[in-house]
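Here is the structure we will look at.
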Amino acid sequence: MKIQLDVFSGLSNPCWELSFEQAAEFRQLLQSLSEFASFKLPPDKLGYRGMIVTELEDAGPGYDDIVVYSGIVWARRGSVTLRLSDKGRLLERWLLRTGRQWIATELYCELETEEGLEDSSM
Amino acid sequence: MIKVTVDIFSGLPNPSWIISGDRAVEIMKTVSTRSEAVADLDAGFQGLGYRGIILEPISDYSDREHDFPAAVRIGSGVAADEPASMELAARVLDTAPTDETEAIVPLDKDLKKLIQQGITEVSDALKRTTVDLGYDTESDSGDIVAPADVTCQIERGRFNPDFWNLDTQVRQSNNCYNYATNRKTNTFAQPGQASGRWPNPTTCDGVTGGALSDGAHHRFECFPETEKPRYLIALVIRPGQDYHWYRKHREGFWGHKPGHTPAKNTDNSGRIITDPSTCDRGPYTDFCGYFYTCKSMKVR
Chain A
4 MKIQLDVFSG LSNPCWELSF EQAAEFRQLL QSLSEFASFK LPPDKLGYRG MIVTELEDAG
64 PGYDDIVVYS GIVWARRGSV TLRLSDKGRL LERWLLRTGR QWIATELYCE LETEEGLEDS
124 SM
Chain B
11 MIKVTVDIFS GLPNPSWIIS GDRAVEIMKT VSTRSEAVAD LDAGFQGLGY RGIILEPISD
71 YSDREHDFPA AVRIGSGVAA DEPASMELAA RVLDTAPTDE TEAIVPLDKD LKKLIQQGIT
131 EVSDALKRTT VDLGYDTESD SGDIVAPADV TCQIERGRFN PDFWNLDTQV RQSNNCYNYA
191 TNRKTNTFAQ PGQASGRWPN PTTCDGVTGG ALSDGAHHRF ECFPETEKPR YLIALVIRPG
251 QDYHWYRKHR EGFWGHKPGH TPAKNTDNSG RIITDPSTCD RGPYTDFCGY FYTCKSMKVR
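Going down the list, the protein sequences come from chains A and B.
The first sequence begins at 4 in this note's numbering and counts up one residue at a time.
The second sequence begins at 11 in this note's numbering and counts up one residue at a time.
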């Protein structure tokens, strides 16, 4: 599974892959989420726009990609997008942590403080 | 007489001219005797780019032997006998006046050559085109607050987000630099990459250096007419991390494309962007200034 920190406009976003164990944990976390009634769309602003998960393999029922941002998970399969609730932004924080070594320190700290993604488990 | 219109532009008037005399009669005969070579006016590709050639009789031929409809479309890829339609379109194109003053709206000779080289492929070729056709020209002499000593002629394209947004692959493979320079390279283009000056520090000076190396100019360093289209663009920086570009449009506002997200004309507060130096840019706090793009600019 490939994770993309969607944050840049000109430069390419930081990307990394989940390990086998991390992918298994991601599947578990995703399956624990409940559906969420919302018409909100994923953000298209300048700045942080969430985490994008692609190459999902068997995570979920054939999703093409998943966007995780600010408590909502958009799981897209073809033209249908399912919205799931990411209470406490647990999945988003978890995804950010998996990219710790791939994200520039300054940016990582900004995301933790300014975007409210500090590690709540610590 | 027959009015010919090359249906290709959205904002600009389409190239158009009149055929008269024997040539008009000859084309009338072909259309009236070979109905399979023509299509209805509203048939065929209706999107951006080349959509065919429209023939409209503007003289009353009803007393002649020709049975000519009010208007037909040829060379659009949808006639029953498409080879015949293409052959007719090529003949009609040959009637375009070489003296521009004789046309209603002149047909650019490069565009004519492109169409002539393969009318059958033109529709696809223009759909794949790397630039969004259509712009107008204005004088750029600064603003009321800070008028400049020089006046440059620049072009402003109409705001056309569909060009970037409709195809998911296009949307995801083109960034703010592609949008600002109006070049759909599908490479997530970087300032300086095409000219061998990349990577650059993510500072105003660093990114500016890359864009200038690609062929851009600082604002008020004018490009000649031969470099049309010359767009006005603006650069901002998220210090040390990233950069972002805007492009001014005919409608007066600015458009942009944040990374792989859709092209749009609103800022982070949802307001129409009338001034990129003051709009809500989120973390892109440093405004670096304005620049011109040009036809010969290299973008990759």
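Cβ atoms here follow ideal geometry from the backbone N, Cα and C, with glycine treated the same way.
9 Å Cβ cutoff, residue i in contact with chain B
i: R52(A); result: yes
i: V10(A); result: yes
i: E113(A); result: yes
i: K43(A); result: no
i: E24(A); result: no
i: E78(A); result: Per the sequence presented here, residue 78(A) reads as Ala, with Glu not at that position. No, A78(A) does not count as interfacial toward chain B.
i: K5(A); result: no
i: S15(A); result: yes
Three-state class that DSSP yields for residue i in the structure shown
i: V132(B); result: In this predicted model, V132(B) has a pLDDT of only 48, less than 50, meaning its place in the structure is not dependable; the value taken from the coordinates is given anyway. Helix.
i: P286(B); result: coil
i: Y187(B); result: helix
i: Y256(B); result: strand
i: C18(A); result: strand
i: D224(B); result: helix
i: S72(B); result: Confidence at S72(B) is low in this model, with a pLDDT of 47, below 50, so the placement of that residue is unreliable and no value is reported for it.
i: K137(B); result: Confidence is the limiting factor: at K137(B) the pLDDT is only 46, short of 50, which leaves the residue's position unreliable, though a coordinate-based value still follows. K137(B): helix per DSSP, three-state reduction.
i: T161(B); result: strand
i: F198(B); result: coil
i: Q7(A); result: strand
i: L99(A); result: helix
i: D123(B); result: First, the amino acid is wrong: residue 123(B) is Lys here, not Asp. Helix.
Nearest neighbour of residue i, chosen from the options [CA to CA]
i: V56(A); options: R30(A), K43(A) and E113(A); result: R30(A)
i: A113(B); options: C298(B), N210(B), N275(B) and V14(B); result: V14(B)
i: A89(B); options: D177(B), I64(B), D52(B) and A47(B); result: A47(B)
i: Y302(B); options: H270(B), S183(B) and K258(B); result: K258(B)
i: F42(A); options: W105(A), I75(A) and E60(A); result: I75(A)
i: L72(A); options: L87(A), W105(A) and N16(A); result: Correcting the residue type first, residue 72(A) is Tyr in the shown sequence and not Leu. Among L87(A), W105(A) and N16(A), the Cα nearest to that of Y72(A) is on L87(A).
i: K274(B); options: P201(B), C186(B) and D50(B); result: C186(B)
i: I28(B); options: K39(B), Y145(B) and E66(B); result: E66(B)
i: L59(A); options: Y51(A), C112(A) and L33(A); result: L33(A)
i: P45(A); options: K90(A), E113(A) and L85(A); result: L85(A)
Short CB-CB distance (under 9 Å) between residue i and chain A
i: R257(B); result: no
i: K267(B); result: yes
i: T271(B); result: yes
i: Y187(B); result: yes
i: D277(B); result: yes
i: V180(B); result: no
i: Q251(B); result: yes
i: T288(B); result: no
i: K194(B); result: no
i: F263(B); result: no
i: F169(B); result: no
i: G299(B); result: no
i: V217(B); result: yes
i: Q203(B); result: no
i: Q163(B); result: no
Short Cβ contact (9 Å threshold) for residue i with residue j
i: T276(B); j: I282(B); result: yes
i: W208(B); j: Y189(B); result: no
i: F198(B); j: H254(B); result: no
i: G13(A); j: D252(B); result: yes
i: E20(A); j: K5(A); result: yes
i: V16(B); j: S26(B); result: yes
i: G87(B); j: L98(B); result: no
Cβ-heavy atom distance, residue i to the ligand HEM, below 8 Å
i: P286(B); result: This structure lacks the ligand HEM; in fact it carries no ligand of any kind.
For the stretch 222-230 of chain B against the stretch 253-269 of chain B, are there 3 or more C-beta pairs whose distance is under 8 Å?
No contact exists between the stretch 222-230 of chain B and the stretch 253-269 of chain B.
Three Cβ pairs or more, each shorter than 8 Å: is that satisfied between the stretch 230-241 of chain B and the stretch 205-216 of chain B?
The answer is no - the stretch 205-216 of chain B does not touch the stretch 230-241 of chain B, with fewer than three Cβ pairs under 8 Å.
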